[in-house]
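Number of protein chains: 4
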Amino acid sequence: MFFASDNSGPVPQQILDALTQANHGFTPGYGNDDLSREVAGQLRDLFEAPEAAVSLVATGSAANCLALASFVQPWDAIFCTPPAHIEEDECNGPEFYTGGAKLRLVGESDKFDPAELEAAIKGTGGSVHNAQRGAVSITQATEKGHIYSLEELRALCDLAHAHKLPVHLDGARFANACVALDCTPAEMTWKAGVDVAVFGGTKNGLMGVEAVIFFDPGKAWEFELRRKRGGHLFSKHRYLAAQMHGYLREGLWRDLAEKANAKGARLAEGLRGIEAVRLKNDPQVNMIFLEMPRRLHARAFEAGAYYYTHADVTEGDPDEMVGARLVTDWSVADAEIDRYVDILKRA
Amino acid sequence: MFFASDNSGPVPQQILDALTQANHGFTPGYGNDDLSREVAGQLRDLFEAPEAAVSLVATGSAANCLALASFVQPWDAIFCTPPAHIEEDECNGPEFYTGGAKLRLVGESDKFDPAELEAAIKGTGGSVHNAQRGAVSITQATEKGHIYSLEELRALCDLAHAHKLPVHLDGARFANACVALDCTPAEMTWKAGVDVAVFGGTKNGLMGVEAVIFFDPGKAWEFELRRKRGGHLFSKHRYLAAQMHGYLREGLWRDLAEKANAKGARLAEGLRGIEAVRLKNDPQVNMIFLEMPRRLHARAFEAGAYYYTHADVTEGDPDEMVGARLVTDWSVADAEIDRYVDILKRA
Amino acid sequence: MFFASDNSGPVPQQILDALTQANHGFTPGYGNDDLSREVAGQLRDLFEAPEAAVSLVATGSAANCLALASFVQPWDAIFCTPPAHIEEDECNGPEFYTGGAKLRLVGESDKFDPAELEAAIKGTGGSVHNAQRGAVSITQATEKGHIYSLEELRALCDLAHAHKLPVHLDGARFANACVALDCTPAEMTWKAGVDVAVFGGTKNGLMGVEAVIFFDPGKAWEFELRRKRGGHLFSKHRYLAAQMHGYLREGLWRDLAEKANAKGARLAEGLRGIEAVRLKNDPQVNMIFLEMPRRLHARAFEAGAYYYTHADVTEGDPDEMVGARLVTDWSVADAEIDRYVDILKRA
Amino acid sequence: MFFASDNSGPVPQQILDALTQANHGFTPGYGNDDLSREVAGQLRDLFEAPEAAVSLVATGSAANCLALASFVQPWDAIFCTPPAHIEEDECNGPEFYTGGAKLRLVGESDKFDPAELEAAIKGTGGSVHNAQRGAVSITQATEKGHIYSLEELRALCDLAHAHKLPVHLDGARFANACVALDCTPAEMTWKAGVDVAVFGGTKNGLMGVEAVIFFDPGKAWEFELRRKRGGHLFSKHRYLAAQMHGYLREGLWRDLAEKANAKGARLAEGLRGIEAVRLKNDPQVNMIFLEMPRRLHARAFEAGAYYYTHADVTEGDPDEMVGARLVTDWSVADAEIDRYVDILKRA
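The listed protein sequences derive, respectively, from chains A, B, C and D.
Residues in the first sequence are numbered from 1 upward in steps of one, following the numbering used here.
Residues in the second sequence are numbered from 348 upward in steps of one, following the numbering used here.
Residues in the third sequence are numbered from 695 upward in steps of one, following the numbering used here.
Residues in the fourth sequence are numbered from 1042 upward in steps of one, following the numbering used here.
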């Protein structure tokens, strides 16, 4: 009953196999090996973007910070939502990589409202005194488990472009969103107007690999320099490539995301039947936000459940509603989900 | 006959096994798992430093830059030698992580001369106009394949400390130096006066893991913040820990370095018998610097050899002496070494 | 009828005289001259802080950014209000000088609400993933012309200190606030708990001088290094010192602020009598915020008035209420104020 | 007998007069006033560069750092000589403003040797691992009192441009060099190939004003943003403009430099007649480097002389040769120069 995060489960056997297969003989370092080139080509194919600049890094933090820094000047503002990972969970990483850009928080939700975004853009820049307009950063799926429809994405990108701003897509849960929308990676990125996308693998079954895809190949060299300077260029790059190779083979990335989403749906379905549980979102991917009385959390924790709550579950009024986030990883067993539901039902 | 670098060979089976063993069930992320804690304890034991702050990162660039940034202010100078990796091969990464510190190059060799170092320190700082004195960075083994004796290390550390400067040890080839000196990690670090050491694994058989060891545990929290902000904190930290776990088990790290050094010695021994080859160093670890006529390089390259030369080997006077660096990885076959020597002998 | 800003009028004759008096003979540079030392002593006396570290810079931007950077780490958050000058009008200068700290906006007003500040502090930091808690920045008088009472200041400082956060006081209009409160500089700073104060001169009659006063002298040397590195250490420092010398002599700084405030009061008094004008604040210093029909602004502008409005005054519905900010400088003539009021009355 | 620096004397009466004349009425801030515009036009005329982007700042540190940052990326190297002010006397200011660029020291002299410069350029960049090629920074007159001929300047600029590198001219003593060469500002800058020049006023009689002149006007807006963000945009910009206005009127800038240079020549002429004094340079501007026995320095210091020596003049072997730098300001009296010479002659 481990629902704390999708960075906590094991990787599928295919990834270990891919590492093993790559582990023979000598290869040039720093991405100049055949496997790294092959994987870059596969990613270009997957994204239907034969000219795209494709790079691998090992963490989502690096992927997002480096991608943003390639578009944003130190005197710029990045428009994002308040719960955006780049705002909340990077210990000022984006400020570090951009050399001091500002994150301008738009609205109060995890999804942009276009009117609020436009107002924020219009209220930024205009004189030398202010932060200038830098870029729009969209998270898909969002940090609260929602997804933008393709139409919504396109509208936001059009809005950004109307103000000559590039669009960054934080795709830590790219695959989860893509299968939920039943669309292609191209549709969810450049066809909607995205300028740089992070195709995350770490939360979806890899040990630690994310692909950064610039649809304008003119960004390639600057990104390479930034990656190197940030200490994110792997000398033994083949082991990043191998993971991504395994991830792309036979659509494993889709299979894993479908599993994770299905498990999220199963959990939600189970919880819907429990009166004391108030679901906060209609889960579109593998994240569930809910509220329920403290004593139910406490009961589940006693039985071995593990996830984040917004308050201590052992101290305080047992009937007070306490919020929580539950994330289902591709590997969590259905039986574990059912057991959790069962515990709550009985409690 | 791949002698280009020790970042180009495969990893030993033990490392793949360690990854497989770690790949089950759920664990907390970001280093809060049991294996990560166990490995930190093992490193403290290995270094006989029960209080040390120990962290893992995936690249040597990150390890060195983050370690230096923890000691050095933006207005400081880091004292290093001209061929230091932090000066030559990091695309200004140290400047990035320190927020703009300067690297002050001491002497013209890969090893510090204490008198030159002292002169450089004394010539730095003193007024608000100058770069201030920040830290001394020593590479062991050096980028040119030399090693400092324990006495030399101690003398440099004493000198630095006499000027109240901390000492950073770039240990990309820590293991190679340690076995060459037949000393303990403690002797080569804190017992000699080193304040922060990078215990490199990547060049010695890991996919990509380096340990950063602060002997003053007071540096721990700042390092953690810097690591996170730099995008170098792995969510699935267990896979870094697993590699290091395999590396430490049954002294694998020593075995691998002994192999690599022995192969370097075998190559040097073979080359010594060839009149046209001029060895530039008496190899102490796994790096050989030599000069020989261009035509010999060309002949070897035709036969499939692969390593760095200081000039094109196909164009130019065939009798001109051309310099080269050859590095022997733990995995290179003795037969390959002998074949290379044989080709040169016959040419 | 120039009410655009208090950075637009001339300097009083005393300041020119002070420059002339300082302009003879040779003096050491960079603040090592007698006059600079004397002025530092005078500032320590004025602030009743014999140990304080005192430095002069030429712009408020430099003063605030350097002061904040001395307390705040790159991974920290600075707590300020949304209209804070450091957030709105410095083109990301604080982010630049701190190496990438974040400005966390508290509430929706120009004055901190203690409960909102406490909630913001509590919601920041706590794990390596988040921005850490850095400093609280208070503007006195605020950007909207309000002042904190000494009790309010003390409460905010107590709150910050309870969370171990230092307090920075942006005193671009320090003098205006100080005379409005009829208190001493010490009462408005360290006696209330302020850790570093900017004693602004530029908006109150100097060509360009601000004093930065650290009540903990341990910050002195780092500040000096930051000032130099930022290009803000004047070689001919005596000309900054001379201005401050003239400013402090015979309480000129108080006289100028009293004049500016009195003129603000005169303007407000005049406007209160006009039905179509809606005052938005009860001016405590020299800033007036109001709304009135567009046609009144247009009429005033035609007659030569000059100040900032929130919308174009010539295009649009003539009866629509349009907001504006009017600032009265020490030098603006009473007749000009009265003429402006008169024009509106008649329109 | 104050020969310590040309930042230590008074400013000429014309500058005070210019401040007084500018000190009336209200003007828009931040350089949007008529006088600031007029001065920008005058500078464009002076440099025969009608399209140039012209900005004023108050310190040479700011001028040079901001100018370099407009051309140089954080991963670049700036090529300069070892005694360059940007290397030696800015407390890592260039590293700060460029976001971490590296200063690559060329040769061992204060003047570039073209062959050494070319070798340094060729030895930089080429792969993602290295610092990339950023810009060439030339100081005219140099920190050691030499000047480049126009032919030398042109050769260096041609070399830089052949490698697609822009050229920055640190003109802290621009006027001294310009009158020594008897050339126009245009000849010493863009006609020779300089891309951005600092036209220094502070060391030549202003309180603190330097003009930064980009011959490519496309750099204007980025510079403005960098200036603002660095805290170097003056709200009361007219007082910078007024100083520059006085400096340009009737060729005052040339007159002052001619005086300073002539006084340097007078001092050198006097010293040439003294056997114990060894002149180290043939002064082309207002800087003299010499060696003489310690006791002569000591004698001069007793009599009130003030300048920098390379060793203590009171302690040590009285006959040991001790180096020194003497700088003559426009305002130093001929009688003071003669008195100094006389003291040495008699000693």
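Note that CB positions come from ideal geometry on N, CA and C, so glycine has one too.
Per-residue contacts from residue 478 of chain B into chain D (C-beta, under 7 Å): In the second sequence, counting from the first residue as 1, residue 478 of chain B sits at position 131. Within chain D, the residues near residue 478 of chain B are 1132 and 1133.
Limits of the unbroken beta strand (DSSP E) element including residue 223 of chain A: Counting from 1 along the first sequence, the entry for residue 223 of chain A is found at position 223. That residue, residue 223 of chain A, is in no beta strand (DSSP E); its alpha helix (DSSP H) goes 220-229.
Distance CB(residue 170 of chain A)-CB(residue 202 of chain A) smaller than 8 Å: Stepping through the first sequence from its first residue, residue 170 of chain A is reached at position 170. Stepping through the first sequence from its first residue, residue 202 of chain A is reached at position 202. In this structure, residue 202 of chain A does not lie closer than 8 Å to residue 170 of chain A by Cβ.
DSSP-derived helix/strand/coil call for residue 428 of chain B: Residue numbering aside, residue 428 of chain B sits at position 81 when the second sequence is read from its first letter. Residue 428 of chain B falls in the coil class under three-state DSSP.
Identity of the residue in C:718, C:1013, C:998 and C:1012 nearest residue 1035 of chain C by Cα: Numbered from 1 along the third sequence, position 341 holds the residue referred to as residue 1035 of chain C. For the residues C:718, C:1013, C:998 and C:1012, the minimum Cα distance to residue 1035 of chain C belongs to C:998.
Cβ-based neighbour list, residue 381 of chain B, same chain, cut-off 8 Å, excluding 5 preceding and 5 following: For this step, residue 381 of chain B is matched to residue 34 along the second sequence. The residues are 374.
Cutoff 8 Å: residue 102 of chain A Cβ touching any chain B Cβ: Here residue 102 of chain A refers to the residue found at position 102 when the first sequence is read from its first residue. Judged by the 8 Å Cβ criterion, residue 102 of chain A is not in contact with chain B.
Cβ pair count under 8 Å reaching 3, the region 7-21 of chain A against the region 244-252 of chain A: yes
Min CB distance residue 1270 of chain D to chain A below 8 Å: Looking up residue 1270 of chain D in the fourth sequence gives position 229. Yes, because at least one Cβ of chain A sits closer than 8 Å to the Cβ of residue 1270 of chain D.
Cutoff 6 Å; reference residue 1117 of chain D; Cβ partners in own chain excluding five residues on either side: Counting from 1 along the fourth sequence, the entry for residue 1117 of chain D is found at position 76. Result list for residue 1117 of chain D: 1142, 1173 and 1175, in chain order.
Inter-stretch contact (C-beta, 8 Å, three-pair minimum) for the region 897-909 of chain C and the region 744-756 of chain C: yes
Sequence-distant residues of the same chain with beta carbon closer than 8 Å to residue 1149 of chain D, five excluded per side: Locating residue 1149 of chain D in the fourth sequence gives position 108, where the first residue counts as 1. Hits under 8 Å: 1123.
When C:959, C:903 and C:791 are compared against residue 939 of chain C, the one with the closest alpha-carbon: Taking the third sequence and counting its residues from 1, the one referred to as residue 939 of chain C is at position 245. Closest by alpha carbon: C:903.
Own chain partners of residue 318 of chain A with C-beta closer than 8 Å, once the 5 adjacent residues on each side are dropped: Translated into positions along the first sequence, residue 318 of chain A becomes position 318. Answer for residue 318 of chain A: 293, 294, 295 and 298, listed in chain order.
Contact set for residue 90 of chain A: own chain, Cβ-Cβ below 6 Å, skip 5 residues either direction: On the first sequence, residue 90 of chain A is found 90 positions in, with the first residue counted as 1. Around residue 90 of chain A: 61.
Under the three-state DSSP convention, the category residue 891 of chain C falls into: Taking the third sequence and counting its residues from 1, one reaches residue 891 of chain C at position 197. DSSP places residue 891 of chain C in strand when its eight states are reduced to three.
Stretch-stretch touch, CB-based, cutoff 8 Å, three pairs: the region 138-157 of chain A with the region 171-187 of chain A: yes
Status (buried if at least 16 other CB within 10 Å, exposed otherwise) for residue 239 of chain A: Taking the first sequence and counting its residues from 1, the one referred to as residue 239 of chain A is at position 239. The residue is buried, with at least 16 neighbouring Cβ atoms inside 10 Å.
Given residue 740 of chain C as reference, the closest of C:1041, C:877, C:798 and C:854 once Cα atoms are compared: For this step, residue 740 of chain C is matched to residue 46 along the third sequence. Among C:1041, C:877, C:798 and C:854, the Cα nearest to that of residue 740 of chain C is on C:877.
Beta-carbon contacts of residue 551 of chain B that lie in its chain and below 6 Å, excluding the five residues immediately before and after: Position 204 of the second sequence, counting from 1, holds the residue named residue 551 of chain B. The answer, listed in chain order, is 522, 603 and 604.
Under 9 Å by beta carbon: chain D residues contacting residue 537 of chain B: The residue given as residue 537 of chain B occupies position 190 in the second sequence. Chain D residues near residue 537 of chain B: none, gap ~30 Å exceeds 9 Å.
Short-range partners of chain D found in the region 919-945 of chain C, where Cβ spacing is below 8 Å: 919, 922, 923, 924, 925, 926, 927, 928, 929, 930 and 933
Under 8 Å between C-beta atoms of residue 1051 of chain D and residue 1186 of chain D: Stepping through the fourth sequence from its first residue, residue 1051 of chain D is reached at position 10. Stepping through the fourth sequence from its first residue, residue 1186 of chain D is reached at position 145. It is not a contact, given that the beta carbons lie outside the stated cut-off.
Outcome for residue 314 of chain A when other beta-carbon atoms lying within 10 angstroms are tallied against a minimum of 16: By 1-based counting over the first sequence, the position of residue 314 of chain A is 314. Classification for residue 314 of chain A: exposed.
CB contact below 8 Å: residue 766 of chain C versus chain B: Within the third sequence, the letter at position 72 stands for residue 766 of chain C. Taking Cβ atoms only, chain B never reaches closer than 8 Å to residue 766 of chain C, which makes this a no.
Residues of its chain near residue 1070 of chain D, where Cβ-Cβ distance is below 6 Å and the 5 sequence neighbours each way are ignored: In the fourth sequence, counting from the first residue as 1, residue 1070 of chain D sits at position 29. The answer, listed in chain order, is 1276.
Proximity test, Cβ basis, 8 Å: residue 199 of chain A and chain B: Here residue 199 of chain A refers to the residue found at position 199 when the first sequence is read from its first residue. For residue 199 of chain A, the answer is no, since every Cβ of chain B falls outside 8 Å of its Cβ.
Euclidean distance between Cα positions of residue 807 of chain C and residue 312 of chain A: Looking up residue 807 of chain C in the third sequence gives position 113. Looking up residue 312 of chain A in the first sequence gives position 312. Straight-line Cα distance between these residues: approximately 27 Å.
Best match in A:123, A:180, A:334 and A:84 for proximity to residue 110 of chain A [C-alpha to C-alpha]: Numbered from its first residue, the first sequence carries residue 110 of chain A at position 110. Comparing Cα positions, the closest option is A:84.
Nearest neighbour of residue 1044 of chain D, chosen from D:1387, D:1301, D:1320 and D:1362 [CA to CA]: Taking the first residue of the fourth sequence as position 1, residue 1044 of chain D is located at position 3. Considering only alpha carbons, the answer is D:1301.
Straight-line Cα distance separating residue 157 of chain A from residue 265 of chain A: Residue mapping note: residue 265 of chain A aligns to position 265 of the first sequence, counting from 1. Residue mapping note: residue 157 of chain A aligns to position 157 of the first sequence, counting from 1. Going by the C-alpha atoms only, they are around 29 Å apart.
Reduced DSSP secondary structure (H/G/I, E/B, other) of residue 451 of chain B: Translated into positions along the second sequence, residue 451 of chain B becomes position 104. Residue state, collapsed to three classes: strand.
Local Cβ density within 10 Å of residue 300 of chain A, reported as buried at 16 or more and exposed below that: The sequence position of residue 300 of chain A within the first sequence is 300, counting from 1. Classification for residue 300 of chain A: buried.
Nearest-angstrom Cα separation, counted from residue 788 of chain C out to residue 858 of chain C: Within the third sequence, the letter at position 164 stands for residue 858 of chain C. Within the third sequence, the letter at position 94 stands for residue 788 of chain C. Each residue's Cα considered, the two are about 21 Å apart.
Beta-carbon spacing of residue 1239 of chain D, residue 1105 of chain D below 8 Å: Position 198 of the fourth sequence, counting from 1, holds the residue named residue 1239 of chain D. Position 64 of the fourth sequence, counting from 1, holds the residue named residue 1105 of chain D. Yes, Cβ-Cβ distance for residue 1239 of chain D and residue 1105 of chain D is below 8 Å.
Of the residues D:1170, D:1064 and D:1362, the one placed nearest residue 221 of chain A, counting alpha carbons only: Start at 1 with the first residue of the first sequence, and residue 221 of chain A comes out as number 221. The shortest C-alpha separation from residue 221 of chain A is found at D:1170.
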